[in-house]
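So, in structure tokens, the structure goes:
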């Protein structure tokens, strides 16, 4: 059934196809589970042909060889596994497209998937692309309750796939009669680009294949040498009248001494032991094998300091750690891009519908953020007008968005002493530092300072009609002064207006205010 949804390439989405596995094992003629081992009897000529055929449209022998290399070369398997596990163990965060409720809900949906218990192991399967150049992981959807949730991410054998001959970057599933395009919204296709070029040439196995081959030759020669080195030459002697039967018995006896340590020969025959005296460097094979391993370490990890005992101490190790961090960052960035394209968009579209912006998965080590300094700066700057998104600050603090019905923490309720029983508004309860408004001073902190004697005196003056007493003095004063031509005229204007105000009442009001303030000081009243 078509849904009206399309993928990033404009292909329509069929929910019927998404409910079935596309890469099941029913077509065993093309997607078999048995393995063949091209590493057995590998020669330089055969290796060159395998690598060439992988580019010309037949990657199966090369992909089987890449699997053999991980099984037969302990060093390659170790460093490759380290690289994949290190990336899979990095912190995974999901960033919402905005603070809007629907965008936060979409991000929570993606977090639900990334927090599954098996997700880290499934990432290692996706990172199989690091060695082989690509990986194809099928998404098995769970729709049991009308929802669309991944119940598993199924690794599929890379030998089951081929690249389109017309477009060598499009992956196709091998079939009996023809190769099939991958079902939209049904696959996570990850390409790990260790170098620029076609995806099949971007894996590390291609560069490690030659070191693998040469090390195999070295180990074979080393094994033959170890079997013979140090053992004396066994020389059998027979007389001139010895028959062919006698010679055969003597040869059997000489050969059997190495394993049986016992033999019988006729009296007329003799066996001499000639001591082996070899000269030259006996550790040639070991040094050559170690050198080849170091080349693989450089290819896979970008360094040898953490895999081989080398001179240089702590300083060399720090430099090598920095190189590994660069590779780790690149792998994590490529993996996150594949997940955002092939997992996040299908998950959001199938459950919440398409949108212009989607949540983003980020993979990497968290930035070193001084949380204390961050909180202090926000507390200082928000009252001055700085706007900070709550979800952004929660992401920096590592706190999830609260559920709608979850009990929330908050500042304690404060009461305004000017209005008993009334809670202080959040704006008034914000921490203020030494700001003064008229005669009222607010203490630094989160509480409101109680009024002191001066505050009460000012309030009393205002209640007793201060504006009525001052009004006759200032009304129209600027116009009269503007019309005056001399300083004497200005003085006369001010004197006349002061007489109309009533100096006796004005003086009495100021005297009572000063007297109240003096009493407060004598009684050592706490100003707040």
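Numbering (the working numbering), first residue to last: 84 to 611. From the three backbone atoms N, C-alpha and C, an ideal C-beta is built for every residue, glycine too.
Span separating the alpha-carbon of residue i from that of residue j
i           : j           : result
residue 95  : residue 451 : 43 Å
residue 396 : residue 275 : Because residue 396 carries a pLDDT of 47, less than 50, the predicted location of this residue cannot be relied on, and the following value inherits that uncertainty. Looking at the two C-alpha atoms, the distance is approximately 32 Å.
residue 394 : residue 298 : Confidence is the limiting factor: at residue 394 the pLDDT is only 48, short of 50, which leaves the residue's position unreliable and the question unanswerable from this model.
residue 180 : residue 433 : 17 Å
residue 142 : residue 407 : 29 Å
residue 516 : residue 470 : Residue placement at residue 516 is poorly supported in this model, since its pLDDT is 38, which falls under 50; the coordinates are not used for a value here.
residue 182 : residue 411 : 30 Å
residue 163 : residue 414 : 12 Å
residue 421 : residue 383 : 21 Å
residue 284 : residue 153 : 18 Å
residue 89  : residue 184 : 24 Å
residue 226 : residue 242 : 30 Å
residue 562 : residue 573 : 11 Å
residue 491 : residue 98  : 40 Å
residue 322 : residue 337 : 16 Å
residue 157 : residue 483 : 42 Å
residue 130 : residue 251 : 22 Å
residue 416 : residue 458 : 29 Å
residue 207 : residue 463 : 45 Å
residue 386 : residue 474 : 39 Å
residue 613 : residue 87  : Given that the chain is displayed from residue 84 to residue 611, the structure contains no residue 613 and the question cannot be resolved.
residue 353 : residue 381 : 56 Å
residue 271 : residue 425 : 5 Å
residue 335 : residue 303 : 26 Å
residue 121 : residue 132 : 11 Å
residue 239 : residue 453 : 43 Å
residue 265 : residue 100 : 10 Å
residue 186 : residue 468 : 25 Å
residue 378 : residue 256 : 34 Å
residue 119 : residue 151 : 9 Å
residue 218 : residue 273 : 5 Å
residue 409 : residue 488 : 43 Å
residue 330 : residue 339 : 14 Å
residue 91  : residue 366 : 57 Å
residue 456 : residue 493 : 20 Å
residue 136 : residue 165 : 29 Å
residue 570 : residue 472 : 59 Å
residue 224 : residue 429 : 11 Å
For residue i, the nearest candidate out of the options (CA to CA)
i           : options               : result
residue 204 : 559, 181, 170 and 191 : 170
residue 231 : 271, 172, 218 and 196 : 196
residue 418 : 122, 437, 184 and 213 : 213
residue 423 : 177, 122 and 489      : 177
residue 125 : 155, 558, 140 and 489 : 155
residue 140 : 282, 565, 472 and 477 : 282
residue 619 : 441, 296, 233 and 473 : Outside the displayed span of the chain (84 to 611) sits residue 619, for which this structure offers no information.
residue 441 : 127, 193 and 478      : 193
residue 558 : 576, 279 and 570      : 576
residue 449 : 468, 478 and 455      : 478
residue 444 : 132, 189, 101 and 166 : 189
residue 280 : 138, 372 and 100      : 138
residue 481 : 175, 568 and 224      : 175
residue 371 : 305, 103 and 167      : 305
residue 191 : 455, 566, 435 and 568 : 435
residue 102 : 327, 233 and 199      : 233
residue 104 : 248, 166 and 267      : 267
residue 373 : 565, 199 and 159      : 159
Whole-Å CB distance - residue i paired with residue j, under 8 Å assumed
i           : j           : result
residue 246 : residue 253 : 7 Å
residue 220 : residue 236 : 5 Å
residue 277 : residue 286 : 7 Å
residue 465 : residue 476 : Not really, about 10 Å apart at Cβ, beyond 8 Å.
CB of residue i within 8 Å of CB of residue j, strictly
i           : j           : result
residue 634 : residue 438 : The first residue shown for the chain is 84 and the last is 611, placing residue 634 beyond what the model contains.
residue 173 : residue 447 : yes
residue 106 : residue 215 : no
residue 368 : residue 308 : yes
residue 324 : residue 333 : no
residue 269 : residue 222 : yes
residue 294 : residue 210 : no
residue 560 : residue 579 : no
Any chain B beta carbon closer than 8 Å to residue i
i           : result
residue 422 : Looking for chain B here will not work: only one protein chain is present.
Could you say if the segment 133 to 148 and the segment 260 to 280 meet the contact criterion of at least three C-beta pairs nearer than 8 Å?
-> no
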